[in-house]
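Sequence order for the protein chains is A and B. Sequential numbering of the first sequence, starting at 190, is according to the working numbering. Sequential numbering of the second sequence, starting at 190, is according to the working numbering. Note that the Cβ used here is the ideal one computed from N, Cα and C, for glycine as well. Written out below as structure tokens is the structure these notes cover.
Protein chains: 2
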Amino acid sequence: MTALTRRTMLAGSAAAAAAFTPFASMMPAGAAAPVTGTQAASWYRYKVGSIEITVVTDGLNQFPLPADFVSNMKKEDVQAGLAAAYMDKEIFFNPYNPIVINTGSKLVLVDTGVGETAFISSKGKIGQNQTNLLAAGFDPKAFDAIIVSHYHGDHINGLIKADASIAFPNAEILVPAVEHNFWMNDGEMSRAPKGRMETNFKNVRRVFNADVMKRVRTYEWNKDVIPGVTAVGTPGHSTGHTSFIVASGADKVYVQSDVTHVPFLFVRNPGWHAFYDQDPLAAEATRRKVLDMVANERMMVQGFHFPFPSRAYVEKNGMNYREVIASWNPSI
Amino acid sequence: MTALTRRTMLAGSAAAAAAFTPFASMMPAGAAAPVTGTQAASWYRYKVGSIEITVVTDGLNQFPLPADFVSNMKKEDVQAGLAAAYMDKEIFFNPYNPIVINTGSKLVLVDTGVGETAFISSKGKIGQNQTNLLAAGFDPKAFDAIIVSHYHGDHINGLIKADASIAFPNAEILVPAVEHNFWMNDGEMSRAPKGRMETNFKNVRRVFNADVMKRVRTYEWNKDVIPGVTAVGTPGHSTGHTSFIVASGADKVYVQSDVTHVPFLFVRNPGWHAFYDQDPLAAEATRRKVLDMVANERMMVQGFHFPFPSRAYVEKNGMNYREVIASWNPSI
């Protein structure tokens, strides 16, 4: 058996689980069947030309809907939006979905999720990215690079483990120059309002510790970050917020990062200002421009906060838009 | 370690795969990363009250769109419908999704997929149900019953293996009385038109061999098939076609079987007659009645031919309807 064949086989968690499941230990027919409570390891793989993308979820964060979640709308309007999408009106549903891009010559992860500390404190509800990477066949040591879209905690905290050591020990950390310069500027930090922005600055400085900083390399907008992956400036959500176009042959996908938060609220209502948006008007302008482009080009969108596996098309709906969830293929 | 704990752990394919993956054999960082080509074992688990449902895909059948796929529409209209849903206009996308229902006292499978013969001939594209059941932690020997919705091949062929032996050796086979009486009636068989109906009759008689027949028990509409699962007559697609309401506490889901085929065509256009419908007008009347009910009650629908994990809500859209794909929860 060649190393490649062996790796390919082991990468299939179905095959691995089937091979090692001792049926003799399972319940006999007719016995009361205990409910298991376990979910499938949530990863999903697809091709963009010759590039392989694997969506590897970091989990789902659910919390009571904050009154000011959308700053320019009343809570009741947001609740009506949730109800229209058949979501719980009292709970905010916030999934995190990093992706692995394998170009055949480079293995990279785009954004990291919330990391090991959150995995422990949430009892595995969030911070699942590392365990799901293993389930999908990816050794953290194998990554050549981590591409960071922007510096909010759900995108960067997984760069380090609970003990502050580097989570991907052989990877370069590729960051948007505009974003890096903003958060590393002491003047900006000193002027940050109390609350969310001050907390974010402190978190960035915590995550980008000396070991992480040694591996950082900045990238520029409108250039390839790695061959096949182009950085697109989409500021507003944060100063240097970045999206990506992954392209191979005639095929491409728009990795929108946080241009819109959950699609069932913010693709449908691009004028709504989520409290995560640092510059709400700039974020809205970016959102409308990107949604118009992907709708016109009928381009598939991969969204960090879209429900797993976080792939959708965007159709026009009057002055607004609507997400059309892409169909799952169980064989690639 | 108790048997339950052991079983629970093994049921998680992620845990099993992670535990048995020898990272030393994987590629070092910086080496060319081979694309793997493998997909996640496609199963998904959720709760309905205290009942646990696991969607366990049988795979996706893709084939060139037949000209007469919708008997009362032109091929161009069907292609326009596919394009509106961002699907390939030349390929028909036909997923098969059996479900496991675990009530805590009974472990049952609803429909079986196309079986081992098709798994072999399709090289694993379809007939995946048995391998995915293993990945999800289910021993075929552990099933108390198989509930059959109707007698088309994609729902019954998995009752037997390629050698015609029973696939679920300890399970009763619970079948709708109306459906069973139709297909087992020699007069009906002798009057069947050549083509699809004649082929279906022959297939039913092949699958329901002597060993299978020993395990068959018929169930009636408007009664519980097992506690928590009520049979609902939804004829038209076939004479005795059956749907199910799974209910526990205040929670319920409508298991629609083939009331509509793929939602992106037939939820959106309930007046379209797929060539699978044996009595197209009766099937349409059933479809409109069911869609109206689940839309009014905002009830989640589980559909055999909905894209995996095949869970959707149905909203009204003028005289028609539209599916709203239910969001994935990576932690149950």
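For a cutoff of 8 Å on Cβ pairs, would you count Ile514 of chain B as touching chain A? yes
Let me see if you follow: with CB-CB separation under 8 Å, is Arg487 of chain A close to chain B or not? True, the Cβ-Cβ gap to chain B drops below 8 Å.
Taking DSSP as the reference, what is the three-state secondary structure of Asn506 of chain A? strand
Starting from Leu363 of chain B, trace the beta strand (DSSP E) both ways and give me its first and last residue. Glu361 to Pro365
Name the DSSP bridge partner or partners of Asp440 of chain A? A:Ser437
Identify whether Phe212 of chain B lies in helix, strand or coil by the three-state DSSP scheme. Unreliable placement is indicated for Phe212 of chain B, whose pLDDT of 35 sits below 50; no coordinate value is reported for it.
Under three-state DSSP, which class holds Val393 of chain A? Residue state, collapsed to three classes: helix.
Val479 of chain B beta carbon less than 8 Å from that of Val448 of chain B: yes
Could you tell me whether the Cβ of Asn509 of chain B comes closer than 8 Å to any Cβ of chain A? no
Apart from the five residues just before and just after Thr423 of chain A, which ones in its own chain have a Cβ nearer than 8 Å to its Cβ? His430, Thr431, Ser432, Gln445, Ser446, Val448, Thr475 and Val479
If we ignore side chains and look at the alpha-carbon of each, how far apart do Ile336 of chain A and Gly417 of chain A end up? Distance between the alpha carbons of Ile336 of chain A and Gly417 of chain A is about 13 Å.
Going straight from the alpha carbon of Lys278 of chain B to that of Pro496 of chain B, what length do you get? 17 Å
Smallest Cα separation from Val421 of chain B: which of B:His339, B:Asn374 and B:Thr320? B:His339
Cβ contact check for the segment 362-375 of chain A and the segment 396-413 of chain A: 3 or more pairs under 8 Å: With contact defined as three or more Cβ pairs closer than 8 Å, the segment 362-375 of chain A and the segment 396-413 of chain A are in contact.
Considering only C-alpha positions, which residue in the set B:Ile434, B:His341 and B:Gly248 is nearest to Val393 of chain B? B:His341
Spatial neighbours of Ile521 of chain B in its chain, beta-carbon cut-off 7 Å, leaving aside the 5 residues before and after: Arg234, Tyr235 and Lys236
According to the Cβ coordinates, are Pro284 of chain A and His494 of chain A closer than 8 Å? With respect to the 8 Å criterion, Pro284 of chain A and His494 of chain A are classified as neighbours on the basis of their beta carbons.
Counting only Cβ pairs nearer than 7 Å, list the residues of chain B close to Asn518 of chain A. Leu249
Take Ala439 of chain A and list the residues in its own chain whose beta-carbon comes closer than 8 Å to its own, dropping the five residues that flank it on each side. Gly238
For the segment 309-320 of chain B against the segment 345-361 of chain B, do three or more pairs of beta-carbon atoms, one drawn from each stretch, fall closer than 8 Å, so that the two count as touching? yes
In the DSSP output, which residue or residues are listed as bridge partners for Asn250 of chain B? B:Asn283
Secondary structure at Glu409 of chain A, three-state DSSP: helix, strand or coil? coil
Distance cutoff 8 Å, beta carbons only. Does Gln445 of chain B sit that close to anything in chain A? no
Would you list, in chain order, the members of the segment 338-358 of chain A that have their beta-carbon closer than 9 Å to a beta-carbon of chain B? Phe357 and Pro358
Do Ser427 of chain B and Glu377 of chain B count as a contact pair if the criterion is CB distance below 8 Å? Contact flag unset, no.
Among all the DSSP beta bridges, which residues are the ones paired with Ala420 of chain B? B:Phe433
Give the secondary structure of Trp372 of chain B by DSSP, where H, G and I count as helix, E and B as strand, and everything else as coil. helix
C-alpha gap between Met489 of chain A and Glu305 of chain A, whole angstroms: 31 Å
Counting only the same chain and skipping the five closest in sequence on each side, list residues whose C-beta sits under 7 Å from that of Gly460 of chain B. Cβ neighbours of Gly460 of chain B beyond the five flanking positions: Glu473.
Shortest alpha-carbon distance to Gly425 of chain A belongs to which of A:Gly384, A:Gly326 and A:Phe371? Gly425 of chain A has its Cα closest to that of A:Phe371, out of A:Gly384, A:Gly326 and A:Phe371.
Extent of the continuous beta strand (DSSP E) run through Thr243 of chain A: Ile240 to Val245
Which class does Ser310 of chain A belong to by DSSP, given the choice of helix, strand or coil? helix
Residue of B:Pro287, B:Arg385 and B:Asn411 minimising C-alpha distance to Gly347 of chain B: B:Pro287
When you compare only the Cα positions, how much space is there between Asp466 of chain A and Lys505 of chain A? 23 Å
Given Ala272 of chain B, which residues of its chain have a CB within under 6 Å of its CB, disregarding the five upstream and five downstream residues? Lys278
Leaving out five residues on either side along the sequence, give the residues of the same chain with a beta carbon under 7 Å from the beta carbon of Phe390 of chain B. Cβ neighbours of Phe390 of chain B beyond the five flanking positions: Trp372, Met378 and Ala381.
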